[in-house]
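Report on the structure given below.
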Amino acid sequence: PETYEELDRKLSEAEEDDAIYLERFSQSIESLLESEGLQNEVKRRNKGIFSIRRKMINQGVTFEEVYDKYAIRIILDTNSKREKADIWRAYSIITGVFRPNPRRLRDWVTVPKANGYESLHITVMGPEGHWIEVQIRSQRMDEEAEKGYAAHWRYKEDNSGNAALDEWVNRIRDAIENQGDSAVEFVDQFKLQLFNEEVFAFTPQGKMLTLPKHSTALDFAFDIHTDIGMSTLGAKVNGKLVPLNYEIQSGDQVQILTSDAQRPQMAWEDWVVTPKAKSKIKQYLRDHQRDAQDRGKRMLQRALLKAKSELNQSTTQKMLNYFSLRNPKELYERFGTGQFGSEHLREFIQEESGGFYQYLRRRFRPKGTTLKEVSDTSRRIVFGPDQVILEHNLAKCCHPIQGDSIFGFVENDGINVHRTDCRHAVHLQGRFAEKVIIARWASGEVGQGFNATLRFSGMDTSGLILKVTSLISRELNIDIRSLHIDSSEGVFQGTIAVHVTDRSQLSNLANHLKAIKGIDRVEREFTKA
Numbered sequence: 053p054e055t056y057e058e059l060d061r062k063l064s065e066a067e068e069d070d071a072i073y074l075e076r077f078s079q080s081i082e083s084l085l086e087s088e089g090l091q092n093e094v095k096r097r098n099k100g101i102f103s104i105r106r107k108m109i110n111q112g113v114t115f116e117e118v119y120d121k122y123a124i125r126i127i128l129d130t131n132s133k134r135e136k137a138d139i140w141r142a143y144s145i146i147t148g149v150f151r152p153n154p155r156r157l158r159d160w161v162t163v164p165k166a167n168g169y170e171s172l173h174i175t176v177m178g179p180e181g182h183w184i185e186v187q188i189r190s191q192r193m194d195e196e197a198e199k200g201y202a203a204h205w206r207y208k209e210d211n212s213g214n215a216a217l218d219e220w221v222n223r224i225r226d227a228i229e230n231q232g233d234s235a236v237e238f239v240d241q242f243k244l245q246l247f248n249e250e251v252f253a254f255t256p257q258g259k260m261l262t263l264p265k266h267s268t269a270l271d272f273a274f275d276i277h278t279d280i281g282m283s284t285l286g287a288k289v290n291g292k293l294v295p296l297n298y299e300i301q302s303g304d305q306v307q308i309l310t311s312d313a314q315r316p317q318m319a320w321e322d323w324v325v326t327p328k329a330k331s332k333i334k335q336y337l338r339d340h341q342r343d344a345q346d347r348g349k350r351m352l353q354r355a356l357l358k359a360k361s362e363l364n365q366s367t368t369q370k371m372l373n374y375f376s377l378r379n380p381k382e383l384y385e386r387f388g389t390g391q392f393g394s395e396h397l398r399e400f401i402q403e404e405s406g407g408f409y410q411y412l413r414r415r416f417r418p419k420g421t422t423l424k425e426v427s428d429t430s431r432r433i434v435f436g437p438d439q440v441i442l443e444h445n446l447a448k449c450c451h452p453i454q455g456d457s458i459f460g461f462v463e464n465d466g467i468n469v470h471r472t473d474c475r476h477a478v479h480l481q482g483r484f485a486e487k488v489i490i491a492r493w494a495s496g497e498v499g500q501g502f503n504a505t506l507r508f509s510g511m512d513t514s515g516l517i518l519k520v521t522s523l524i525s526r527e528l529n530i531d532i533r534s535l536h537i538d539s540s541e542g543v544f545q546g547t548i549a550v551h552v553t554d555r556s557q558l559s560n561l562a563n564h565l566k567a568i569k570g571i572d573r574v575e576r577e578f579t580k581a
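Just so we're on the same page, the working numbering is the position in the sequence shown counted from 1, plus 52.
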């Protein structure tokens, strides 16, 4: 309060002299512009106490040292076709007489603010050495700044002026129609964007995009186009690779790198600030979650139907209790995403009903099929509830390794062992349930081990291949069978075939690869061993 009263007193003491000074300066500006054929109105305005106090704090100066306590606004009487040219013409006339401060130029005519504000702000040296802020705008710009975009419709007869409004309204409409949050959440997000400071960044083609401060490379991608944002793999800023959560700075040139295989991740929600990017990511994740739930529910319905049961409220509640889950949607999602498979369902059924499990065992073990029992095998897999060792082959469509959830499928020439999440699993278990037999990995030695392939991708950095091969061969002591990498425009995709003892060793390798700088994604390739 004391500071406020002191500033108020100083402003009051200088009020009369300031008014005379600004009146004299305004008249000279008005006459100067009219002599050059620019009709105008000049409004005088004094800086408020809060504005002056903020300048004193930010600049570390006293009241007397605040150099632009004075301000005028020039409103040009011009049409929408000529307004920008006339504004810059007025700028040229004024700065030809009064020396400008180049560091104080604010051009919101060429690039309006995100909220649509348009004006040219300059600071010039007036008479007696006083700095004066000068705002130059057209009548249209002034009405829209004072009254909002609704004032734009006063100029509707001049269709050339509608483009700015159309673009602004389209941006808001797109965000509202596609946002997945509640109305209150969206308005909160939009207000943050509307009044925030902005940054200006460029595409490689030179197009400038205006974004809220703290926007990231991922925000930039979504601002270009939703499809680009959804498939963003990485970004280059000023020619250098940066992570997706890199914070854009004004003047940055940003190149977005995409991949058809890329999809939005959960972490992306924390990497964006613009409402458009947030709503698109949330919408995709929700849709993806719903699809998984629907897929899981259908899978359970089919599986239980074949087991002479049904997915009713009683069965669902028993499954929730068995798997320690909170609600049916979570249960369906686990099965729909492959976190739970047919093995988990069989274990549940076995737990719930011993007699029912005997029925399933009879169906899984086909009658009249000769299955040769063996005393030893290099990969110990046991079959059926009695866990007998039978002759078998590992399916080449999914290449299971020890630790994978598996099932046996009886063919004419023996048993093929598939992963429970094999791409053929649903077809085999659905249409040929009588040929399916329970299979488990037995404890003990794994013999000669297993061949497996990992697929990985990311940003191509110097020495990447050396880091990968050194990690696998030297640090983890894993044999490399083959390594193939394709690189284009700073992005690579590759596969590496290795020989491992079990799934645990393969998972450990995948985790180590993910920790290497530049590698964004590591996945197991099931169609290759």
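Glycine is no exception: its CB is placed at the ideal position from the N, C-alpha and C atoms.
Query: Contact between the segment 473–493 and the segment 456–464: three or more CB pairs below 8 Å?; Result: yes
Query: Taking just the CA atoms, how far does Ala197 sit from Gly348?; Result: 54 Å
Query: For the structure I just gave you, are there three or more beta carbon pairs, one from the segment 261–268 and one from the segment 307–319, closer than 8 Å?; Result: no
Query: Got a sec? Which residues, its chain only, sit under 7 Å from Lys136 by beta carbon, not counting five neighbours each side?; Result: Val161
Query: How many Å lie between Lys95 and Val251 at the Cα?; Result: 30 Å
Query: Determine whether the beta carbon atoms of Val294 and Ala319 lie at a separation below 7 Å.; Result: no
Query: Which residues in the same chain as Ile532 place their Cβ atom closer than 7 Å to its Cβ, once the five residues preceding and following it in sequence are excluded?; Result: Thr521, Ile524, Ser525, Ile548 and Val550
Query: Assign Val161 to one of three DSSP states: helix, strand, or coil.; Result: coil
Query: Taking its Cβ as the centre, do 16 or more other Cβ atoms sit within 10 Å of Gln257, making it buried, or is it exposed?; Result: exposed
Query: Taking 7 Å as the cut-off, decide whether the C-beta atoms of Arg471 and Pro452 are in contact.; Result: yes
Query: What are the partner residues of Glu93, as DSSP defines its beta bridges?; Result: Ile127
Query: Where Ala344 and Phe392 are concerned, what is the direct C-alpha to C-alpha distance, given to the nearest angstrom?; Result: 12 Å
Query: For the alpha helix (DSSP H) holding Gln345, just list the boundary residues, first then last.; Result: Pro327 to Lys358
Query: Specify, as a first and last residue, the run of the beta strand (DSSP E) that His470 falls within.; Result: Gly466 to Arg471
Query: Arg76: which of Glu88, Ile124 and Ile104 sits nearest, CA to CA?; Result: Ile124
Query: Which same chain residues, not among the five before or five after Gln305, have their C-beta less than 6 Å away from its C-beta?; Result: Phe254 and Asn290
Query: Can you check which of these residues, Arg156, Phe508 and Arg342, is closest to Val186 by C-alpha distance?; Result: Arg156
Query: Please list, in chain order, all residues of the same chain as Arg158 whose beta carbon is under 7 Å from its beta carbon, the five residues on each side excluded.; Result: His173
Query: Consider the C-beta atom of Ala447 and the heavy atoms of the ligand PLP; say whether any pair is separated by less than 6 Å.; Result: Summarising the ligand content, the structure contains no ligands, and the ligand PLP is consequently not present.
Query: Give the single residue among Asn379, Asp279, Ser457 and Val324 whose Cα lies nearest to the Cα of Gly390.; Result: Ser457
Query: Fully enclosed by the segment 260–314, which beta strand (DSSP E) runs are 3 residues long or longer?; Result: 260–264, 284–289, 292–294 and 306–310
Query: For the beta strand (DSSP E) that Met177 lies in, which residues bound it at each end?; Result: Leu172 to Met177
Query: Return the Cβ separation of Gln545 and Ser509 in integer angstroms, given the expectation that the two are a contact with Cβ distance under 8 Å.; Result: 4 Å
Query: What whole-angstrom Cβ distance do Asn582 and Ala447 have, given they're in contact under 8 Å?; Result: Residue coverage of the chain in this structure runs from 53 to 581, which leaves residue 582 outside it and unanswerable.
Query: Could you tell me the distance, in whole angstroms, from the CA atom of Gly148 to the CA atom of Ser83?; Result: 14 Å
Query: In the DSSP assignment, the alpha helix (DSSP H) including Gly148 goes from what residue to what residue?; Result: Glu135 to Val149
Query: Kindly indicate which residue of Ile333, Thr175 and Ala477 has the alpha-carbon position closest to the one of Glu395.; Result: Ala477
Query: Could you give the first and the last residue of the continuous alpha helix (DSSP H) run that contains Gln365?; Result: Gln365 to Phe375
Query: The beta strand (DSSP E) with Ser539 in it runs from where to where?; Result: Asp531 to Ser540
Query: Per the DSSP calculation, Trp493 is bridged to which residue(s)?; Result: Ile433
Query: Buried or exposed for Thr175, please, with buried defined as at least 16 other CB atoms from any protein chain shown within 10 angstroms of its CB.; Result: buried
Query: How many angstroms separate the CA atom of Phe102 from the CA atom of Trp183?; Result: 19 Å
Query: According to DSSP, simplified to helix, strand and coil, what is Gly482?; Result: helix
Query: When the Cα atoms are used, what is the spatial distance from Ser144 to Glu170?; Result: 18 Å
Query: Tell me which same chain residues have a C-beta within less than 6 Å of the C-beta of Leu244, skipping the five on either side of it?; Result: Legend: pLDDT at Leu244 = 49, less than 50; position of this residue unreliable, value from coordinates given subsequently. Answer for Leu244: no residue qualifies.
Query: For Ser80, which of Thr55, Thr114, Lys62 and Ile126 has the nearest alpha-carbon?; Result: Ile126
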